[in-house]
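**Q**
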Amino acid sequence: MKLYNTLTREKEAFIPREAGKVSMYTCGPTVYHFAHIGNLRTYIMEDVLEKYLRYSGLDVKRVMNITDVGHLTSDADTGEDKMLKGAKREKKTVLEIAQYYTDAFFADCKKLNIRRPDVVEPATKCIGEFIKVIKKLLADGHAYIAGGNVYFDTSTIPQYNAFHNFQEEDLQEGVREGVEKDDNKKNKADFVLWFTKSKFDDQELKWNSPWGLGYPGWHIECSCISMKHLGEYLDIHCGGVDNIFPHHTNEIAQSEAYIGHEWCKYWFHVLHLNTNSGKMSKSSGEFLTVSLLEEKGYDPMAYRFFCLQSHYRKSLIFTWENLDNAATAYDKLLRNIAKLQEGPVEEEKLASLQNTFREAMDNDLNTALGITALYDVLKADISDGTKLALIENFDQVLSLNLLEGAAKIREADALQNADPAWIAQIEEQISLRAAAKKEKDFAKADAIRAALLEQGVILEDTAAGTVYKLK
Ligand code: AMP
Ligand code: ZN
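Under the numbering used here, residues 586 to 1056 are what the sequence shown spells out, in order.
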């Protein structure tokens, strides 16, 4: 597989360090607010990457942090902690906010079929790790204490600007928005590893450290959590493109200073979801969530489909019209799949169409061409059984609920075409069964269920009552 590596600015063959195994790290959400659909674009594309690596036979271990401390509102270590800002906004404690938005994040991920990483680690659970690494950086001369904070000294490493994505003058205080001068810094690019002093002294969560009561910087958490679970060598590190500088640049600086050799070989960055008025961002307060899409009647799968239709290295413009187009195309796709009948699989034809899909995905995870390969399957002169097998196979990576969605359409159509008198009779039998169960006449309840099954009606008892579908 070839992947674009931000570090070398080239598409390169992806070769993990240890044959057959991949260590993968993902910058997780800052849990002071709901994830917006822009954040989720990044997580969807990372999910596809992870699933495609697994599909290709690799054993992936994926780790994600939860940023629940230390991510400040400004890049230059001078802003307020975002978590504290969220807690003040909602008049709750930082830990309450963190728990609430972490749960909300994983609920959104579930709706979008984003697999939960193998390890999910909140930063506040790793304070001991951060202190251990900062201590060594200080002992080795890579860090210094000034004005109560511990800073990383960027002049002690051969090359700080690992991604070459900024000019020296970009670092000047005042050039970047929200950047204030910090007189404690020896070099403009230096950054805080541990805070004991900040303008915002009401930080809720503080821990004892050799440098006083304080809290960690944001960058150190990702380096430490990655090394804790994946060791000194990382195959691939993922995030949104805004993370390249300063976050990932700082991660590389401190990790390599700590371990003394190259840390991560491949850097995968997803471009932003933008609206017509610019980047979608949490801090602006104006953003769309998965729940909002649902309230407006969209299936979260339509949003996943929308994301997969474009390449992760192109910025994607969100408009309602674009989402509508994706939703219509997704529905049409499901309807075409719903027409297919189970049957025998033609293995040779299956292999050749599978190769088309693989070629697309091997080419820098080209999901747009992967979706085209899916349409090619539907158009191909092959048996329905082969088509269904291929759809099931591609969906291991795309995770668009293709077969489940098609089955639902078939059921809905069957119900719509059914004789209303028969439907009324099914519903009556369901009521009778509920009454029998209430009277503990389970034999009768089971007999009703069996009789309905004979007619092709499958009952399912859910928390909301008994529902049925037609075979
Ligand atoms: P945060 O919760 O702000 O730490 O961001 C979580 C992830 O979403 C990071 O990988 C960001 O780079 C990414 N991200 C932030 N804004 C966008 C956007 N508009 N489009 C895509 N990804 C984004
Ligand atoms: Zn990170």
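In this text, a Cβ means the ideal position worked out from N, Cα and C, and glycines have one as well.
Between the alpha carbons of Ala958 and Tyr800, how many angstroms are there, rounded?
**A** One C-alpha to the other measures close to 49 Å.
**Q** Using the rule of at least 16 other Cβ atoms within 10 Å of the residue's Cβ for burial, across every protein chain shown, is Phe1027 buried or exposed?
**A** With fewer than 16 other Cβ atoms within 10 Å, it is exposed.
**Q** Between the beta-carbon of Phe553 and the beta-carbon of Ala620, is there less than 8 Å?
**A** For residue 553 there is no data in the structure shown, the boundaries of the chain being 586 and 1056.
**Q** Less than 8 Å between the CB atoms is what I'm expecting for Arg898 and Tyr589, so what's the real figure, rounded?
**A** Sure, about 6 Å apart at Cβ, within 8 Å.
**Q** Can you give me the Cβ contacts of Gly763 inside the same chain, cut-off strictly under 6 Å, excluding the 5 residues immediately before and after it?
**A** With a pLDDT of 49 at Gly763, under the threshold of 50, the modelled position of that residue is not reliable, and no figure is offered here.
**Q** How far does the beta strand (DSSP E) with Asn734 in it reach, from first residue to last?
**A** Element bounds for Asn734: 734-737.
**Q** Spatial neighbours of Cys809 within its chain, please: C-beta separation below 7 Å, excluding the five flanking residues on both sides.
**A** Correct list, in chain order: Cys711, Glu714, Phe715, Val718.
**Q** Considering only the beta carbon of each residue, do Leu778 and Phe748 sit closer than 8 Å?
**A** Not a contact, by the Cβ cut-off of 8 Å.
**Q** Keeping to the same chain, check which residues put their C-beta closer than 8 Å to that of His727; ignore five residues upstream and five downstream.
**A** Closer than 8 Å at the Cβ level, and outside the excluded window around His727, lie Phe737, Asp738, Thr741, Ile742, Gln839, Ala842, Tyr843.
**Q** Could you please give the first and the last residue of the uninterrupted alpha helix (DSSP H) stretch that includes Asp909?
**A** From DSSP, the alpha helix (DSSP H) with Asp909 extends over 905-923.
**Q** Compare the C-beta of Asn951 with all C-beta atoms of chain D and state if any pair is closer than 8 Å.
**A** Judged by its chain identifiers, the structure shown contains no chain D, having just a single protein chain.
**Q** Within 7 Å: the Cβ of Asn624 and any heavy atom of ligand 2?
**A** Asn624 Cβ: outside cutoff for every heavy atom of ligand 2.
**Q** Excluding the five sequence neighbours on either side, which residues of its own chain have a C-beta within less than 6 Å of the C-beta of Ala683, listed in chain order?
**A** Cβ neighbours of Ala683 beyond the five flanking positions: Val616, Asp653.
**Q** Reducing DSSP to helix, strand and coil, say where Trp1007 ends up.
**A** If DSSP states are grouped into helix, strand and coil, Trp1007 belongs with the helices.
**Q** Please classify Val799: does DSSP put it in a helix, a strand, or coil?
**A** Residue identity check: residue 799 is Gly in the sequence provided, not Val. It is a strand residue.
**Q** Check Phe780 in the structure and name its three-state DSSP category.
**A** In this structure, Phe780 counts as strand in the three-state DSSP scheme.
**Q** Can the beta-carbon of Gly797 be found closer than 8 Å to that of Thr781?
**A** It is a contact, given that the beta carbons lie within the stated cut-off.
**Q** Apart from the five residues on each side of it in sequence, which residues of its chain come closer than 8 Å, Cβ to Cβ, to His832?
**A** Excluding residues within five positions, the ones whose Cβ falls inside 8 Å are Cys612, Trp803, His804, Cys807, Gly824.
**Q** Quick one: residues in its chain with C-beta nearer than 6 Å to the C-beta of Gly759, no 5 flanking neighbours on either side, listed in chain order?
**A** The pLDDT assigned to Gly759 is 44, lower than 50, so where the model puts this residue is not dependable, and the model offers no usable value.
**Q** Where the beta carbon is closer than 5 Å to any heavy atom of ligand 2, which residues qualify, in chain order?
**A** After applying the 5 Å Cβ criterion, the set is Cys612, Cys807.
**Q** Which ranges does the alpha helix (DSSP H) cover as unbroken runs of at least 4 residues, wholly within the region 956-993, from first to last along the chain?
**A** Runs of the alpha helix (DSSP H) inside the region 956-993: 969-983.
**Q** Measuring CB atoms only, is the region 641-657 touching the region 857-867, in the sense that at least three cross pairs come out at less than 8 Å?
**A** As far as the Cβ criterion goes, the region 641-657 does not touch the region 857-867, which means the pair count is below three.
**Q** For Ser811, which three-state DSSP category applies?
**A** If DSSP states are grouped into helix, strand and coil, Ser811 belongs with the helices.
**Q** Applying the criterion that 16 or more other CB atoms from any shown protein chain within 10 Å of the CB defines a buried residue, is His846 buried or exposed?
**A** Answer is exposed; the Cβ neighbour count stays below 16.
**Q** If Val982 and Val607 are in contact, beta carbons under 8 Å, what's the gap, nearest whole angstrom?
**A** About 15 Å separates the two Cβ atoms, so there is no contact after all.
**Q** Which residue wins for smallest C-alpha separation from Val990, given the options Ala1009, Lys917, Ala1021, Gln1014?
**A** Rather than Val, the amino acid found at residue 990 in this sequence is Gly. Considering only alpha carbons, the answer is Lys917.
**Q** For Ser1080, does the three-state DSSP call read helix, strand or coil?
**A** Residue numbering for the chain in the displayed model covers 586 to 1056; residue 1080 lies beyond these limits and cannot be assessed.
**Q** Buried or exposed: where does Gly816 fall if 16 or more other Cβ atoms within 10 Å of its Cβ makes it buried?
**A** Classification for Gly816: exposed.
**Q** Just to check my reading of the structure: Asn698 and Arg920 have Cβ atoms closer than 8 Å, yes? What is that Cβ distance to the nearest angstrom?
**A** Going by Cβ atoms, the distance from Asn698 to Arg920 rounds to 20 Å, so no, they are not a contact pair.
**Q** Just checking Leu858 against ligand 1 - is the residue's beta carbon closer than 7 Å to any of the ligand's heavy atoms?
**A** Yes, the beta carbon of Leu858 sits closer than 7 Å to at least one heavy atom of ligand 1.
**Q** Find the nearest neighbour of Ile622 within the set Ala731, Cys892, Tyr729, judged by alpha-carbon distance.
**A** Checking every option, the nearest Cα to that of Ile622 belongs to Cys892.
**Q** Mapping DSSP to helix, strand and coil, what is Lys791?
**A** The answer is coil: DSSP assigns Lys791 none of H, G, I, E or B.
**Q** Using alpha carbons as the reference points, say which of Glu931, Leu1055, Leu638 lies closest to Thr971.
**A** Cα-wise, what sits closest to Thr971 is Glu931.
**Q** Looking at the structure shown, is Cys711 part of a helix, part of a strand, or coil, going by DSSP?
**A** Of the three classes helix, strand and coil, the one that applies to Cys711 here is coil, per DSSP.
**Q** Please report how far the alpha carbon of Ala992 lies from the alpha carbon of Ile821, in whole angstroms.
**A** For Ala992 and Ile821, the distance between alpha carbons rounds to 37 Å.
**Q** Rank Asn793, Ala923, His854 by C-alpha distance to the C-alpha of Ala997 and give the top, closest one.
**A** Checking every option, the nearest Cα to that of Ala997 belongs to Ala923.
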